[in-house]
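Single-structure report; data block below.
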Amino acid sequence: MALHKIFKILMIVLAIAGLIMAGYIWTLDSEALQTAVKAGGVDSVDTPWINAIMGLAWIVLGVTLVIVFIFVLKGLFSGNAKNTLIGIGAFALIIAIAYFTASGVETPMKDGEILSANGSKWVSAGINAFYMLAAIAIGLMLFSGVKKLAK
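If you read the sequence shown in my numbering, its first letter stands for residue 223, the second for the next number, and so on.
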């Protein structure tokens, strides 16, 4: 069972790394990609291959997300309903706290468009929620470590 968890975590880490790299390549236009490849010492790049690899990356990411989603739902429905609802409620509470403590102002973006105050508030809420969840995770790890040291 521990090996399954290790592989699951490794799969998630690799999927996130692949998504970041795929997103970076996807946002580059063809000329910028040629320049980046030439800077790396390669004279030319075959863009149909990159398109094929990008397609494969999206397929693998999609399959990975579907499999993870299936196992998450399986775990939710096979576990204790009370604990599941407590976890979902706690997460919703953190999101609500993050949203209501967030500030939102209209922000000009690089492309000249304006990010609405509501959009800015949601971005700020996401960042706040991340920090709250990270602080909770670090606190629980410290608590667990101190508790084990006390025994």
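All C-beta atoms in this analysis are idealised placements derived from N, C-alpha and C, irrespective of residue type, glycine included.
Skipping 5 residues on each side, what residues in its chain have a beta carbon closer than 8 Å to that of G240?
-> A279, V282 and L283
Continuous alpha helix (DSSP H) stretch holding V368: start and end = A339 to A372
Using CA coordinates, which residue listed in M363, I360, F229 and L225 is at the minimum distance from T286?
-> F229
If I316 and L362 are in contact, beta carbons under 8 Å, what's the gap, nearest whole angstrom?
-> Wrong, their Cβ atoms sit about 14 Å apart, outside the cutoff.
Residue interval of the alpha helix (DSSP H) (run including M233) | A224 to T249
Does the beta-carbon of A339 have 16 or more other beta-carbons within 10 angstroms, so that it is buried, or is it exposed?
-> exposed
If I'm right that T323 touches S342 with Cβ under 8 Å, what's the distance once you round it to whole angstroms?
-> That pair is no contact at about 14 Å.
For the candidate residues G326, I234 and W248, whose alpha-carbon lies nearest to that of V288?
-> I234
Quick one: using the 10 Å Cβ neighbour count with 16 as the cut-off for buried, is N305 buried or exposed?
-> exposed
Out of curiosity, what's the CA-to-CA distance linking V345 and L337?
-> 10 Å
At what residue ranges does the region 256 to 335 contain a whole run of the alpha helix (DSSP H), taking only runs of 4 or more?
-> 269 to 300 and 303 to 323
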